[in-house]
Structures are given as C-alpha cells and as structure tokens.
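K.L.:
The structure follows.
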Amino acid sequence: MEDLTKESFDAIVFDGEGTLSSALPWQHLAQKKGVLLEVNNYLSLLSQGEVDSVELFDKLFKLLSPSLNESLELGRLCAERLVQDAKGLLHLFQSLGKQVFLLTQLPEASSVEFAQALGLAENKVFGKQL
C-alpha cells in the first residue's frame, strides 16, 4: 500500500453554501423576489451538470440583483444555519497548521458575518464582487 503520509496540503478551501451552512441563500432571495421556480430550475441544471457554474451564477446575479442589504441578510442567514461542528472542523484544521479559506458564490459583502460565525478572518473569505 502506498504511503500517503508524505503528501501534505498547506491550505484547505471550503465552499460555504451547502457545505458549512445549511442555508439556501439563493432560494431565500428568489422567494422574496418571486422568482423561486426559475432559480430552482437553474440550480437543478447545475446539479445535473448541464450548465457551467460560472455562467449559471452570473445568470443568478443578473436575475436576483442582490442589494447590499440583501447581501448582508444572506450572510446572516448562512451564519445562523451553520452545520453541526462546522466551526470546530475549521478550528481543527487551523490547529494542524492549515490555512482555511471560504469560497462562496455569494456577494463578498455577505461573507463577513458568515466568516465571523465560522471563526475565519475576512481575508480568508472570497465571494463575488458586487
């Protein structure tokens, strides 16, 4: 059996929505704006691998056009709905000397409260620029 202990990674990148938070921020905003069915159709195509994710999230942004206040609301939603032990898992990796990053398709402004809830510095979170 090959010894994999020699391999090491200095950084770990997590996707926020659906991984570290059970929140469904796109659906939440879509419901408020009355376009939930259309957003769910887009996300279904993504989950089936039928559309490019960058292209899809660009369409979602154009459709939903989140304001700064809406972006902040999405960040609070994600922060309030952390999955069990998400913060502990990130802390464990950090205690092992790993850099931990959060990559999200949400607006970067929404990431601040989400990052704080996870115990991550703002400079470790990358989101979409409005």
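Start counting at 1 in the sequence shown, then tack on 39, and there's your number in the working numbering.
Think of the CB as a built atom: it goes at the ideal place given N, C-alpha and C, for glycine as much as any other residue.
(1) According to DSSP, simplified to helix, strand and coil, what is E17?
(2) What are the boundary residues of the alpha helix (DSSP H) that includes K71?
(3) Check F153 in the structure and name its three-state DSSP category.
(4) Closest to Q168 by CA distance: which of T58, F53, L107 is it?
(5) Cβ of L63 within 8 Å of Cβ of L157?
(6) Thinking C-beta only, is K137 closer than 8 Å to D49?
(7) Measure the alpha-carbon distance for A160 versus Q87 and round it to whole angstroms.
(8) If you run the structure through DSSP and keep just helix, strand and coil, what is K137?
(9) In the DSSP assignment, find the alpha helix (DSSP H) that holds G57 and state where it starts and stops.
(10) On a CA-only basis, which of L95, V52, Y81, E112 is nearest K71? Give me that one, please.
P.N.:
Quick look at the numbers:
(1) In this structure the chain extends from 40 to 169, so residue 17 is not present and cannot be described.
(2) Numbered from 1 along the sequence shown, position 32 holds the residue referred to as residue 71. Counting along the chain, the unbroken alpha helix (DSSP H) around K71 starts and ends at 64 to 72.
(3) For the purposes of this step, residue 153 is taken as the residue at position 114 of the sequence shown. Assigned with DSSP and collapsed to three states, F153 falls in helix.
(4) In the sequence shown, residue 168 corresponds to position 129, counting from 1. Comparing C-alpha distances from Q168 to each of T58, F53, L107 shows the shortest one belongs to L107.
(5) Walking along the sequence shown from the start, residue 63 turns up at place 24. Walking along the sequence shown from the start, residue 157 turns up at place 118. Cβ distance not < 8 Å, so L63 and L157 don't count as in contact.
(6) Taking the first residue of the sequence shown as 1, we reach residue 49 at position 10. Taking the first residue of the sequence shown as 1, we reach residue 137 at position 98. When the beta-carbon positions are compared, D49 and K137 come within less than 8 Å of each other.
(7) Along the sequence shown, read from residue 1 onward, the residue named residue 160 stands at position 121. Along the sequence shown, read from residue 1 onward, the residue named residue 87 stands at position 48. Rounded to whole angstroms, A160 to Q87 spans 33 Å at the Cα level.
(8) As a first step, residue 137 must be located in the sequence shown, where it is residue number 98. In this structure, K137 counts as coil in the three-state DSSP scheme.
(9) As a working mapping, residue 57 is identified with position 18 in the sequence shown. No alpha helix (DSSP H) holds G57; DSSP gives it neither H nor E.
(10) Looking up residue 71 in the sequence shown gives position 32. Checking every option, the nearest Cα to that of K71 belongs to E112.
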